[in-house]
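Chains as they are written, first to last, in full-length UniProt numbering: chain Z, 1 to 515; chain D, 1 to 333.
Rendered as structure tokens:
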């Protein structure tokens, strides 16, 4: 403990030089900008800045790139809230309540709770990264393919929680997502599926591409398809959070931080799933405001936005302690380590502790810088809603097209984008859930690959799913999740049976009045 | 919004200018041998940033720039898709005869070629020079019951199901060839695919996997820290850099397997001779520099510069080896 504090102090010593503070600021600024722009994600930004980083010494370069990574998570909520277009994968779920809040004239509080939640979660996750890393990395290694599969299955079963409308439509959306995830060469068997002989389809659909098109293009099409009201201006409303907003955000920030961090630590999962899990958790925990979810509940923004930032800190744990990336962005960061001649791996902390703690110290500084940068911007961003919608969405679409194109410089991707835009439009039009579809796409490969692996390793014996204590607990949870709705349905039927005839009519009338 | 809109306009203008440059470049094929190259050259990494192709491309660019080997501007472009096969198809068709674009390539896309899934193979483009080879390493967790490659292969011969082996989908062939060399049946091996090295390391450390196969850079950190133990590398001779300098080669252990992951630079179909000669010269000079030597060492690459008829032979041998492995494992008939 005192060792860690000593190392951290040394780290701050190196990170607080004027030059390095400058690099942190540059990193978080660039990160915020690419986070705000739909389609440009942290990976693209880091890849673009790698040549700049090589001109610097390793600490300054890595400080800047880590700043980009953190910054992108801050910025990604902005467009999710304002124009229902996630700036990054971690903010897909923020579109649900965030955009509803903006439509209801509460864009300011939504942006503010996202910024403050991001700061708190980011800082807490860096504290946890500083002090709990070795222990957490060991814990993450207790999970094998069987446990991963069960965890994903649990997440999938909770999917109907994600929507306010019909649960059936949510499930159908998730299934479409799962089906889309099967496109491409199956990594296990090498068999191409649903590629129709097209080489472009053989690597499957890119998450980022789907998330951008299914939201941005579809939302633009929806807005522009409304005749006559094209010049409508939306309410900006009050900018700052009310006392009530603070009170309701505090719990989600805390829970989101913990959930996001823990999921971020699990290698191969990364922050995008963290925000989903946080949303599901908030909807389950907040009985009082449950009916507001999907209609602009501040908890639905505060939790997921805290979770995706905590996930970034979490993803750095396996990177620093085990030398393995927890997300695709950290995979790129590890490559940067190698380019500097540093061997990423478990020994990095011993051989280069000054560097590692310098980076960690810079993350504390970066989080403060991000809060200082983002809070004043809340008012400015909220004003964007004053722009006439056709112009606003023209800009969004233009950036989305550019963002998709720079992923692979592929014209084929642009056609795919249009196709997903049409799909997204239909999904919104008929009350299905785009966020659930994207979750299906995120979970699909994880479910399939881990199932395949677990069964391969056990030689086809399904007992592998109940062999270890952790997997047994997960199986019990899955059974509970399956049984609870069924049991409560049965209980309600029994309760309703006796006064069925006379109670039904006035009951429904009362419910209608409440709406 | 004013800012927003003008930013869009600038971007669009830039894109239009880019297209114009592109068009004029392809039209400029009349550049002759004496003054080549006169305009910017694109170096393509047919993969996402951070992968093996990307590392190779960025290293080439760094060294070539630092040592002033090329006078014209060069940029790295990422063109991800099917292990490089998507881009190779482009190079064989859309860029035919061009002299201003070169690409990194290598063994990875050849697996798709052998399965017959691609539109273009190395025979449809212009290979310029192979630069480096990344050898495979077999590892076991530190507390593994297996102490040597012989132990592992013996266990696979006795009961293939009891030895889960993990690797990327392209790493399977090399393990199958080893099983074949040991007298076993590769179609029976319990090979579990892990798309990323990270998941594979986790699989080895959490007890899911008994053995891991991957390119040497993937495991270097965990071997150095003692979490994983290296049993053999698939080279003819021992490798020189740490932590692999005391790991036996498969050849010295008595197995005739030489499949390795080499990377090369190739040009589009019908690339003019003067351009091929120019780049061959540049690359040959590049691999001799100190900067390249240092980069190769930290990436665990062996520099294996091969060009001309030797390169053609290397390509043919590699195709043959992959075919043998796939046939034995029942992937192709």
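All residues carry an ideal CB built from backbone N, CA and C; glycine is no exception.
Beta-carbon to beta-carbon, residue 365 of chain Z and residue 116 of chain Z are separated by about 18 Å, too far to satisfy the 8 Å threshold. Against residue 186 of chain D, chain Z offers no close residue; the least beta-carbon distance is about 14 Å (beta-carbon pairs closer than 9 Å). For residue 429 of chain Z, the enclosing alpha helix (DSSP H) stretches over residues 411 to 429. Note that the C-beta distance between residue 378 of chain Z and residue 108 of chain Z is below 8 Å. Looking only at Z:317, Z:4, Z:211, Z:251, the smallest Cα-Cα distance to residue 344 of chain Z is reached by Z:317. DSSP places residue 103 of chain D in no alpha helix (DSSP H) but in the uninterrupted beta strand (DSSP E) bounded by 101 to 106. Taken in chain order, the complete alpha helix (DSSP H) segments of 4 or more residues contained in the region 264 to 317 of chain D are 273 to 287, 290 to 298. The region 169 to 243 of chain D contains, as complete beta strand (DSSP E) runs of 3+ residues, the segments 191 to 193, 211 to 215, 228 to 233 (chain order). Under the three-state reduction of DSSP output, residue 118 of chain D falls in the coil class, being neither helix nor strand. Residue pairing for residue 141 of chain D: DSSP places it in a beta bridge opposite D:228. Approximately 6 Å separates the beta-carbon atoms of residue 215 of chain D and residue 261 of chain D; this is inside 8 Å, confirming the contact. Annotated as proximal: residue 200 of chain D and residue 166 of chain D, with beta-carbon spacing under 8 Å.
In this structure, the alpha-carbon of residue 96 of chain Z lies about 8 Å from that of residue 300 of chain Z. Interface with chain Z (8 Å Cβ-Cβ cutoff): residue 303 of chain D is excluded. Annotation: residue 459 of chain Z is outside any beta strand (DSSP E) and is labelled neither H nor E by DSSP. Chain Z has a Cβ within less than 8 Å of the Cβ of residue 118 of chain D. Contact annotation: in the region 451 to 465 of chain Z, residues whose CB is within less than 7 Å of a CB in chain D are 453, 456, 457, 459. C-alpha of residue 77 of chain D to C-alpha of residue 70 of chain D: approximately 17 Å in a straight line.
Under DSSP, residue 43 of chain D takes part in a beta bridge, and its partners are D:76, D:102. Exposed is the label assigned to residue 226 of chain Z, since fewer than 16 other Cβ atoms lie within 10 Å of its Cβ. When Cβ-Cβ separations below 8 Å define contact, residue 62 of chain D makes contact with chain Z.
If you compare the alpha carbons of Z:224, Z:47, Z:481 with that of residue 389 of chain Z, the shortest gap goes to Z:224. In chain order, 172, 173, 176, 186, 187, 189 place their CB closer than 8 Å to the CB of residue 329 of chain D, counting only its own chain and leaving out the 5 sequence neighbours on each side. For residue 321 of chain D, no Cβ of chain Z is located within less than 8 Å of the residue's own Cβ.
Selection D:137, D:144, D:309, D:273 evaluated against residue 258 of chain D yields D:137 as nearest (Cα-Cα). Uninterrupted alpha helix (DSSP H) stretches at least 4 residues long and entirely within the region 330 to 408 of chain Z occur at 348 to 351, 353 to 383, 389 to 408, given in chain order. The C-beta of residue 259 of chain D comes no closer than 8 Å to any C-beta of chain Z. Membership of residue 146 of chain Z in any beta strand (DSSP E) is not indicated; the residue belongs instead to the alpha helix (DSSP H) covering 145 to 157. In the three-state DSSP reduction, residue 135 of chain Z falls in the helix class (H, G or I).
Contacts between residue 104 of chain D and chain Z, judged by CB atoms closer than 8 Å, are missing: the closest CB pair is about 15 Å apart.
In the three-state reduction of the DSSP assignment, residue 83 of chain Z falls in the helix class, which pools H, G and I. Ranked by how close their Cα comes to the Cα of residue 317 of chain D, the residues D:114, D:302, D:168 have D:114 in first place. Note on the region 215 to 283 of chain Z: whole alpha helix (DSSP H) runs with a minimum of 4 residues are 218 to 225, 243 to 265, in chain order. Counted as a single uninterrupted DSSP element, the stretch harbouring residue 149 of chain D is not any beta strand (DSSP E) but the alpha helix (DSSP H) occupying residues 149 to 158. Of the other Cβ atoms in all chains shown, fewer than 16 fall within 10 Å of the Cβ of residue 68 of chain D; this residue is therefore exposed. Per the coordinates, the alpha-carbon of residue 78 of chain Z lies some 36 Å from the alpha-carbon of residue 198 of chain Z.
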